[in-house]
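Working notes, beginning with the structure itself.
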Amino acid sequence: MLVFVALLSTPAFATTADDVCPSAANPCTVSAAVTADPGSVLDFGSRQLDVTPTGSITIPTGLLTINAGSVRLETHGALLGGQTPDGTGANIKVTTADRKVMRAYLAAPAGRKGPGILLCQEIFGINSHIREIADQYAEEGYFVLAPDLFHRLEPNVELGYGEEDFKRAFDFYQRFDENKGAADIKSGVNALRRVKGCNGKVAALGYCLGGKLAYLAAARAGVDAAVGYYGVYIEKSLGEAKKIKCPLLLHFAGNDRFVPPAATTKIQKALSRLADFESYVYPGMDHAFNCKERPAYNRSAASLAFSRTIAFLRRTVGPRYNLSDLWDRHTYFEFGARDVDATMKTMVDSPYVNHIPTMTGGVGQKDLARFYRNHFIPKTPKDTKLIPISRTVGGDRVVDEMLFCFTHDIEIDWMLPGLAPTGRYVEIPLVAIVNFRGPKLYHEHIYWDQASVLAQIGLIDAKTLPVAGVDTAKKLLDETLPSNLLMRRWPESEGR
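Here my numbering is used: the first residue of the sequence shown is 246, the next is one more, and so on.
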């Protein structure tokens, strides 16, 4: 009986075949039985075969090629799908250039089409943090492959961030062969490009050790773009820069003891000669500001860096979504069709909306649908008009500036909660900052001047407070109207 090892497979994946080739000079094809994770898909490029709920599958003759006398062979397939307990992806195996097999975590986008990201680990292995990053980028429309780059030292390293795990992580790091790691990344890139649905465009993305490896991938692995977060010791490999032909983005922490300011400056100066290079320093941040599981985590810096990374990836490898049209579609279902179910289908599985002045909205599909169904769509005046002023579209968000106009003829739960209708007409400047995950809306932050709304419905005396009321809307439409009318001391500076 011959036992085959797939080019890409889950740990549970194995094939067996009793057929024997009659001649070593003439390869033959065989059928084979396979065990794999239930619900997975065996991908042979030209054909995909579903694994049954019992975890079995038969590969038809013609898809598997063997040579006489072989006892350890490769299929030309890839096992896709199947889930790990804590993620949306699957643990698979990748064959390296020197015929070793390393585990990798593969997360696929919902539509199973798009570009790829080769995700380079920190010194803690393919742990929950790395898998969470992979899942996040898969939701953005990427196939993400995170290979176990410590497999030559010890397979399946998965560490946390406690004291003992830190010691183990630094031991692995000190023994890690950077050149072999870079070669393994190239093998991962090649494997990722063969995954069914990947369009061939692949970017490298890495953190800490992985930030340095992403830089090396730009020089050695033939990737289409590369992104590194606080990559350690890039300054010692600046000679590699002459081989970089793809766009490169690097993020640095301002207070990083592992990548101090002098190293950051040296790197930025040397790489500024590249044709397409971006870099950002995050003042006051420490190493690992992107990791939620570590004390250095900073949500604002991580969010900004992620947004910049998505914009960079959209520009260099795609996928590109028409966020303006997606936002228009969402607002149509809200204000035009007034259809809650259709509105929710435009959003991710865990969206949130926050109307900043009143803190109304919701988090998650259930609460947000409840909010839309009972407190937003039926509680928005029927004569509501949205007058567009400007729109800025970025890689992952839309910033919409508008006038929000309505008659206060019902209690508006989300804007004026608890206030009986006054019958007053209101015009108020409103800004919506809308974040997307891939082609679906992730969250909305909505801003307006609540004091000017209250002045227009007669609940604030604008003459006794620095509140402009409807004049804020008028000046938004006509910038030539007088400025500084609320500043009593404005005339005193005349001529100064």
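In this text, a Cβ means the ideal position worked out from N, Cα and C, and glycines have one as well.
**Request:** Rounded to whole angstroms, what's the CA-CA distance from Phe415 to Leu454? Just pull it up for me.
**Result:** 11 Å
**Asked** Excluding sequence positions up to five away, which residues of its chain have a Cβ less than 6 Å from the Cβ of Ser552?
**Response** Asp641
**Asked** If we call anything under 8 Å between Cβ atoms a contact, is Gly563 one with Pro360?
**Response** yes
**Request:** Mark Gly334 as exposed unless 16 or more other C-beta atoms lie within 10 angstroms of its C-beta, in which case mark it buried.
**Result:** buried
**Where Ser635 falls, given that 16 or more other Cβ within 10 Å makes a residue buried** = exposed
**Message:** Quick check: the Cα distance between Leu722 and Asp716, rounded to an integer number of angstroms?
**Reply:** 10 Å
**Item:** Opposing strand residues paired with Ser728 [DSSP bridges]
**Value:** Per DSSP, none; premise fails for Ser728.
**Prompt:** Roughly how many angstroms separate the alpha carbons of Ile673 and Ile632, rounded to a whole number?
**Reply:** 10 Å
**Prompt:** Should His628 go down as buried or exposed, given a rule of 16 or more other Cβ atoms within 10 Å for buried?
**Reply:** The sequence given here places Asp at residue 628; His does not occur at that position. Exposed: under 16 other Cβ atoms inside 10 Å.
**Request:** Go ahead and label Asp531 buried or exposed: buried means 16 or more other beta carbons lie within 10 angstroms of its beta carbon, across all protein chains shown.
**Result:** buried
**Prompt:** Given Asn444, which residues of its chain have a CB within under 6 Å of its CB, disregarding the five upstream and five downstream residues?
**Reply:** Pro360
**Item:** Where Leu390 sits in the DSSP three-state scheme
**Value:** strand
**Prompt:** Can you give the Cα-Cα distance for Leu494 and Ala464, rounded to whole angstroms?
**Reply:** 13 Å
**Prompt:** In the DSSP assignment, what residue or residues form a beta bridge with Thr509?
**Reply:** Answer is none; Thr509 lacks a bridge partner.
**Item:** Cut-off 7 Å between Cβ atoms - residues of its own chain near Gly426, not counting five sequence neighbours on either side
**Value:** Leu394 and Leu458
**Message:** At the level of alpha carbons, what is the spacing between Thr667 and Lys708?
**Reply:** 20 Å
**Prompt:** Which residues does DSSP pair with Pro633 in a beta bridge?
**Reply:** Met647
**Request:** Could you check if Gly307 is buried or exposed, using at least 16 other CB atoms within 10 Å of its CB as the buried criterion?
**Result:** Any reading at Gly307 is ruled out, since the residue's pLDDT is 44, under 50, leaving its predicted position unreliable.
**Request:** Please report how far the alpha carbon of Thr725 lies from the alpha carbon of Ala713, in whole angstroms.
**Result:** 16 Å
**Request:** Could you tell me which residues DSSP pairs with Gly451 in its beta bridges?
**Result:** Cys365 and Gly473
**Message:** Please give the ranges of any alpha helix (DSSP H) in the segment 547-597, keeping only runs that are unbroken, at least 4 residues long and fully inside the region.
**Reply:** 568-576 and 585-590
**Message:** Just to confirm the assignment, what range does the beta strand (DSSP E) spanning Asn336 have?
**Reply:** Ala335 to Thr340
**Prompt:** Do the CB positions of Tyr597 and Val585 come within less than 8 Å of each other?
**Reply:** no
**Request:** Classify Tyr350 as helix, strand or coil using the three-state DSSP reduction.
**Result:** strand
**Beta-carbon spacing of Ile375, Leu364 below 8 Å** = yes
**Message:** Classify Pro354: buried if its beta carbon has 16 or more other beta carbons within 10 angstroms, exposed otherwise.
**Reply:** buried
**Request:** Report all residues from its chain with a CB closer than 7 Å to the CB of Trp659; omit the five preceding and five following residues, and keep chain order.
**Result:** His600, Thr603, Thr605, His620, Phe621 and Lys624
**Asked** By how many angstroms is the C-alpha of Thr340 removed from the C-alpha of Leu675?
**Response** 54 Å
**Prompt:** Which class does Ala269 belong to by DSSP, given the choice of helix, strand or coil?
**Reply:** At Ala269 the pLDDT is 37, less than 50, meaning the model places this residue with poor confidence; the figure from the coordinates comes in the next sentence. Coil at Ala269, not helix or strand.
**Request:** Have a look at Lys630, Pro626 and Asp521 and flag the residue whose alpha-carbon is nearest the alpha-carbon of Asp654.
**Result:** Pro626
**Request:** Check the C-beta distance from Ala547 over to Arg539 and give it rounded, since I have them as a contact under 8 Å.
**Result:** At roughly 11 Å, the Cβ-Cβ gap does not stay under 8 Å, so Ala547 and Arg539 are not in contact.
**Item:** Minimum C-alpha distance to Ile479 - residue among Asp469, Phe503 and Ala470
**Value:** Phe503
**Item:** Nearest residue (CA-CA) to Asp343, options Ala379, Ala428, Leu404 and Tyr617
**Value:** Ala428
**Request:** Rounded to whole angstroms, what's the CA-CA distance from Glu579 to Arg669? Just pull it up for me.
**Result:** 23 Å
**Item:** 8 Å CB neighbourhood of Ala587 in its chain, flanking five on each side removed
**Value:** Phe578
**Message:** If you follow the beta strand (DSSP E) that Asn372 is in, where does it begin and where does it stop?
**Reply:** Per DSSP, Asn372 belongs to no beta strand (DSSP E) and is neither H nor E.
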